[in-house]
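Asker: Pasting a structure below so you can have a look.
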Amino acid sequence: MKCRKDKYAVKIAILAVLSTVLLLLTGCWSYRDLTEINMVTALGVDRLEDGKVLVTVQVVEPAAIQSTASGKGKGGVTQQKPVFVESYEGETVFDALTSMLSIVDKKLFLGTAQVLILGEGLSKNGINEVMDFFQRNHEMEYDTVDVLVAKDVTPKDLLKIETDMDPIPAMYIKKTAENTVSRAKVKRTMMIDLIKEMGNSGRQAVIGQVAKEGEKEVRTEGAAVFRDGKLAGWLDPYATRGYLFATGEVKSTIVNIPADSGKISMEVIRSKGKVNVVFRNGEPALLTIQVVLEANVGEYEGERKLDSPDDLHRLEETLGEEVKKEIRMTVNLAQKDYSSDIFGFGTQVHKYHPQYWKKVKDGWNDTFSKLPVDIKVDARVTRTGFIKGQIKKDG
Amino acid sequence: MGDEGVFEKIKNSNRAAKQNINSDGACIDENEPIPQAIEAVKARLGEIFSGCSDFMYREIVCGENNCIKMSVAYINGFVDKRVLNQDVVRPVLDYFSNAILQDKRNRIYEQLKECVVNNSDIKEAENMRQVVDNIVSGEALLFIDGEDRALVIGVKAPQGRQVSEPDTEVSIRGAREGFVENLLTNTTLIRKRIKNPNLKLEIMQLGEQTKTDICICYIKGIANEEIVKEVRDRLKKIKTDAILDSGYIEQFISDSRLSLFPTVGNSEKCDKLAGKLLEGRVAIFCDGTPYVLTVPYLYIESIQASDDYYDHAFFATFMRLLRLLALLVSNLLPGMYVALVGFHHTVIPFKLMITLAASRQGIPFSPFTEAVLMILAFELLREAGVRMPRPIGQSLSIVGALVLGEASVAAGISSNLMVIIVAITAVCSFVVPPLIRATMLIRFVFLAAANFLGFFGISSVFVAVFIHLCRLRSFGIPYMAPFSPLTASDLKDSLVVVPIWAMVTRPRILRQENVKGAAGVKRQEVRLKR
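So the sequence lines, in the order shown, correspond to chains A and B. All residue numbers for the first sequence refer to the numbering used here, where the first residue is 75 and numbers rise by one. All residue numbers for the second sequence refer to the numbering used here, where the first residue is 1076 and numbers rise by one.
See the structure below:
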């Protein structure tokens, strides 16, 4: 009995020693202290004339951020810049990022990236090749990275701006893109959405557009239309909104409509959009876009009161027409100029007529361009704000 | 026959040898008779108590022609002398002042016992062993010339401090009375709360040298007889020189003597102990200490407080959950921090990460080293606070707060965040006092695991600790009950506290039959009877 107990104890001891050794021998596998990494906040990717990739990173210096946030710089020392921007070229994105270590002190950590800016040159050449790295890399957080396409400026120049609004320019750019919630004039694409759209042949990618505005600001407005991963053209802010109305991505926006006297700014507070394909004789005959939206009167320059139901009905009609016009403009651009099914009609076909889809999959964009599009907008005006009309002196 | 005789001899000589060693010279045989002649008694006691200046021996001579000789022996200061004089010496002198020695001596003894001595607490001692044991326990012994028996008169003076509020267990609501060092006072405090003859108090003595009074207390009909028997057996097995505190007993009777987790509970509060007894637990009182042990002790008891039952059930439930959270935080927080900072950067929100990185900037130590240093510094402060004389306390807290909190950060030795983490960890560990010691050590294990393997290490250690907890038993009752094994009816007083009017059944888990035997005895599968 005692003997057996001893054996048991020896076994336990051996096991304990072995597991301790096992723990110690691993070293500190993948251990990296926070102070030993460079936190990348923004990435810019562009393609050079010779086919090489130019990667720009914006790296944050936490200590500098902390001291600007708390308002106390370390006395005597000149204020450290909150971020630094470095560029490096390489055959691939990964190659460039790793080679960059020859000029950057610590390993670049991509998990903190907030914005990915694609250059115009790269976009024209096709983005699918470089996006591979971002999908493959385990550090990337797909759902927090905003993807934007730089127009008339290289990503490098864009990331070099120094704004007064936020110590980290990347956060500033990201926030202007986030503002689309109340503006609906820029398409906001998270990296995860882009990756999804890249794998979806029934819908072409649309990525928000960013441009430089003066020395210190950016302008995030409009969108870039892609066709099979290559930049096909641009949408202006209104066309972008037309696109967002059609796809149901409008959260809130201001639509200006003409009135008898002065102008009216309608505040859209709710909007739903739906696209569909009508089949006749086994062939797609008609593309439909249906939008239902709800709006308030936000501002009225005229002096009339807006209290009768007739007034509101007229407002609803005018608003509907206005929105319809914008959508029509976008549809025309997508069909005639870019020949790119950005609305996702193809997805509908794929879903409900899979057999037919198999046949037309490859040439769908051309088929799409030739089909008639029916647009229906159902606008409802619910409130006129706090007042029915302006306050007048005579009463 | 011959063999048996030899065997007996060896056994006797062994016993004698043992007694010689144990009693350091004063060798008293189990059955040594009390000498009939009072002079012999005096001589023998003088021999046994030689060198004991507090041993008192008073001779009383009375009756006609000084025919009745008696003597009183006691330990000075241990007995109430006034009571001894009023109840024993004076009545004896009065009663026998004119008596003539005509009756048999027997009658004197009987008269003394029945009508002379004014004390209700009278016993008899029949041999020297009992005589000596009673003298050292604080009783007065009355010897009569010509008798081989002695009267044991309970005139023990009330000793020790007054009943007061315990320092270690404070509650907002509930009784302020705490146990004291005196065993009798303590049992009285319980009897006062449970007025029921079913409250049984079994007394026994432990400790070869100290002869400490131990009292097993339970409520017959509520406590599981098997557990009571088990407690009795385990206590009887204790062979030691001294029991100076109930902590000695705790270590002897624990199921798993090496486990960090307590399997024997202790309390200083009367109302808490009464509650435990009424749930069917067994209490072990130990003379000389205010800490009363309760068994079986389950894990869930560490997050229970007596306030929980006096307050609204919703608050009680909230507090229970809060305590559980505190328990987790105090175990895991430093390890979590090290894992986050060292391995899992992607799960930290961006802005928090900037704060973290900024606070870490310029710190020469790795997060692990930093955490260990700060925790050690805190534990040192805590220990110093316990050990040192009270009046110095304030200067210590100043040194602790300034040096650890401010200066180390200013000097760039530790980060602000680490100070906060250690502080939160410390506060949380104080929320669950029974587990402070276990938490203190396990925290370091979590830290080391986190430093090597990140969250994977933490979860591995967590699983290991959990397995250990599920394997533990306290007096045969699974430690993690009522969760494992799941006892639905006992969940009413676990993480959720139901109102007191809804707690209609007693804890079922304590009533189960077929509980496991003593530590080391083969384990039996516990089957729950439902």
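For every residue, glycine included, the Cβ atom is placed at its ideal position computed from N, Cα and C. These figures come from a predicted structure and were not determined experimentally.
With 9 Å as the threshold, decide whether the Cβ of Phe1521 (chain B) is near any Cβ in chain A.
Answerer: Answer no: the Cβ-Cβ gap between Phe1521 (chain B) and chain A never drops below 9 Å.
Asker: Within this structure, are the beta carbons of Ile1294 (chain B) and Asn1261 (chain B) separated by less than 9 Å?
Answerer: Their beta carbons are not under 9 Å apart, which means Ile1294 (chain B) does not touch Asn1261 (chain B) by this criterion.
Asker: Use the C-beta contact count for Asp1288 (chain B): other C-beta atoms within 10 angstroms, 16 or more gives buried, fewer gives exposed.
Answerer: The residue is buried, with at least 16 neighbouring Cβ atoms inside 10 Å.
Asker: By Cβ distance, which residues of its chain are closer than 6 Å to Val455 (chain A), with the 5 residues on each side in sequence left out?
Answerer: Counting only Cβ-Cβ distances below 6 Å, and skipping sequence neighbours, we find Ala369, Leu386, Leu389, Glu390.
Asker: Can you tell me where the beta strand (DSSP E) holding Tyr374 (chain A) begins and where it ends?
Answerer: Taken as a continuous stretch (DSSP letters only), the beta strand (DSSP E) holding Tyr374 (chain A) covers 357-374.
Asker: Applying the criterion that 16 or more other CB atoms from any shown protein chain within 10 Å of the CB defines a buried residue, is Gln422 (chain A) buried or exposed?
Answerer: By the neighbour-count rule (16 or more Cβ atoms within 10 Å), Gln422 (chain A) is buried.
Asker: At 9 Å on the CB atoms, spell out the chain A contacts of Pro1061 (chain B), in chain order.
Answerer: With chain B running from 1076 to 1605 in the structure shown, residue 1061 (chain B) is simply not present.
Asker: Determine the extent of the beta strand (DSSP E) in which Gln1280 (chain B) is found, giving its start and end residues.
Answerer: Per DSSP, Gln1280 (chain B) belongs to the beta strand (DSSP E) from 1274-1281.
Asker: Locate the beta strand (DSSP E) running through Asn112 (chain A), then write down its first and last residues.
Answerer: From DSSP, the beta strand (DSSP E) with Asn112 (chain A) extends over 111-121.
Asker: Taking Cβ-Cβ distances shorter than 7 Å, what residues in chain A pair up with His1543 (chain B)?
Answerer: Going along chain A, no residue has its Cβ under 7 Å from His1543 (chain B), so there is no contact; the nearest lies around 13 Å.
Asker: Alpha carbons only, please: which of A:Ala244, A:Pro156, A:Pro358 is nearest the one belonging to Ser443 (chain A)?
Answerer: With distances taken between Cα atoms, Ser443 (chain A) lies closest to A:Pro358.
Asker: For a cutoff of 9 Å on Cβ pairs, would you count Thr250 (chain A) as touching chain B?
Answerer: Cβ-Cβ to chain B under 9 Å: no for Thr250 (chain A).
Asker: Quick test of your reading: Gln283 (chain A) and Val260 (chain A), contact by CB under 8 Å. State the CB separation rounded to the nearest angstrom.
Answerer: At roughly 7 Å, the Cβ-Cβ gap stays under 8 Å, so Gln283 (chain A) and Val260 (chain A) are in contact.
Asker: Per DSSP, Ser1342 (chain B) is paired with what?
Answerer: DSSP, once it has assigned bridges, lists B:Val1367 as partnering Ser1342 (chain B).
Asker: Taking the straight line between their C-alpha atoms, what separation do you get for Val299 (chain A) and Phe417 (chain A)?
Answerer: If I take the Cα positions, the gap works out to 11 Å.
Asker: Taking the alpha-carbon positions, what's the Thr404 (chain A) to Gly316 (chain A) distance?
Answerer: C-alpha separation (whole angstroms): 6 Å.
Asker: Under 9 Å between C-beta atoms, does Arg106 (chain A) make it to chain B?
Answerer: Answer yes: the Cβ-Cβ gap between Arg106 (chain A) and chain B drops below 9 Å somewhere.
Asker: Please list, in chain order, the residues of the region 1395-1426 of chain B that have any C-beta partner in chain A closer than 7 Å.
Answerer: The residues in question are Val1416, Gly1417, Phe1418, His1420, Thr1421, Phe1425.
Asker: Below 8 Å, how does it come out for the region 225-243 of chain A and the region 186-201 of chain A: are there three or more Cβ pairs, yes or no?
Answerer: Touching, yes, given that three or more Cβ pairs across the two stretches are closer than 8 Å.
Asker: Assess, as a yes-or-no matter, whether the region 407-414 of chain A is touched by the region 301-309 of chain A under the definition of 3 or more beta carbon pairs within less than 8 Å.
Answerer: Yes, since at least three Cβ pairs between the region 301-309 of chain A and the region 407-414 of chain A fall closer than 8 Å, the two stretches touch.
Asker: Threshold first: 3 residues or longer. Then list the beta strand (DSSP E) segments lying entirely within the region 265-305 of chain A, N to C.
Answerer: Listed in chain order, they are 280-287, 291-301.
Asker: Please name the residue or residues paired with Phe158 (chain A) in a DSSP beta bridge.
Answerer: DSSP, once it has assigned bridges, lists A:Val133 as partnering Phe158 (chain A).
Asker: What residues from chain A crowd round Pro1442 (chain B), counting only those whose CB sits closer than 9 Å?
Answerer: What Pro1442 (chain B) touches in chain A: Asp107, Leu108.
Asker: Would you say Ile1438 (chain B) lies against chain A (beta-carbon separation less than 9 Å)?
Answerer: True, the Cβ-Cβ gap to chain A drops below 9 Å.
Asker: Give the DSSP-derived three-state secondary structure of Val1573 (chain B) in the structure shown.
Answerer: Residue state, collapsed to three classes: coil.
Asker: With C-beta atoms as the reference, is Lys435 (chain A) less than 9 Å away from Gly420 (chain A)?
Answerer: The answer is yes: Cβ separation under 9 Å.
Asker: Suppose contacts are defined by Cβ-Cβ distances below 9 Å. Is Phe1453 (chain B) in contact with Ala1501 (chain B) by that definition?
Answerer: The answer is yes: Cβ separation under 9 Å.
Asker: Smallest Cα separation from Asp1386 (chain B): which of B:Val1572, B:Asn1160, B:Met1131, B:Met1145?
Answerer: Asp1386 (chain B) has its Cα closest to that of B:Val1572, out of B:Val1572, B:Asn1160, B:Met1131, B:Met1145.
Asker: According to DSSP, which residues form a beta bridge with Leu192 (chain A)?
Answerer: Paired residue(s): A:Val119, A:Val223.
Asker: If you drop the 5 nearest sequence neighbours on each side, which residues of the same chain put their C-beta closer than 7 Å to that of Thr1392 (chain B)?
Answerer: The answer, listed in chain order, is Val1571, Val1572.
Asker: Closer than 9 Å, CB to CB, is Ser1434 (chain B) near chain D or not?
Answerer: Looking at the structure shown, chain D is missing, and the protein chains on hand are A and B.
Asker: I'd like to know whether the C-beta atoms of Val451 (chain A) and Gly394 (chain A) end up nearer to each other than 9 Å.
Answerer: Yes, the pair counts as a contact, with Cβ atoms nearer than the cut-off.
Asker: Using a Cβ cut-off of 7 Å, which residues of the region 120-139 of chain A contact any Cβ in chain B, in chain order?
Answerer: The region 120-139 of chain A vs chain B, Cβ under 7 Å: Val134, Pro136, Ala137, Ile139.
Asker: Please report the distance separating the alpha-carbon of Glu1252 (chain B) from that of Glu1240 (chain B).
Answerer: Looking at the two C-alpha atoms, the distance is approximately 5 Å.
Asker: Quick one, are the C-beta atoms of Ile266 (chain A) and Asp217 (chain A) less than 9 Å apart?
Answerer: Cβ distance < 9 Å, so Ile266 (chain A) and Asp217 (chain A) count as in contact.
Asker: Please report the straight-line C-alpha distance between Gln1326 (chain B) and Val1367 (chain B), rounded to a whole angstrom.
Answerer: Taking the straight line from one Cα to the other gives about 14 Å.
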